[in-house]
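Engineer: The structure that follows is given in the form of structure tokens.
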Amino acid sequence: MRQQIKSKIVYKRRDFEITESQRCNEPFYWAYRLPYYENVKGFKDLKEAKNYINDLIKREGEKNQ
């Protein structure tokens, strides 16, 4: 039987969010863009995940100028 993974939202900015789940009894973070879970990437460190989100937002802003 598969174990159900529980996750919670730990960071949200614009249409991006980071969720935390447990992997091998250690926290693991998923960063992605809503609503279709675009640019999904996994991280072991919350700070790295936040930097990834902020970089995506900066690049998006540069594209729009």
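Note that this note's numbering has the sequence shown beginning at 221, numbered continuously upward. Yeah, the Cβ is synthetic: ideal placement off N, Cα and C, and Gly gets one too.
#1: From S241, V260 and R253, pick the residue whose C-alpha is nearest to that of K232; which is it?
#2: Excluding sequence positions up to five away, which residues of its chain have a Cβ less than 6 Å from the Cβ of A251?
#3: With distances taken Cα to Cα, identify the nearest neighbour of G281 among R234, I229 and K228.
#4: N284 to D275, Cα distance in whole Å?
Structural biologist: Well, looking at it:
#1: R253
#2: I238, K261, A269, Y272 and I273
#3: R234
#4: 14 Å
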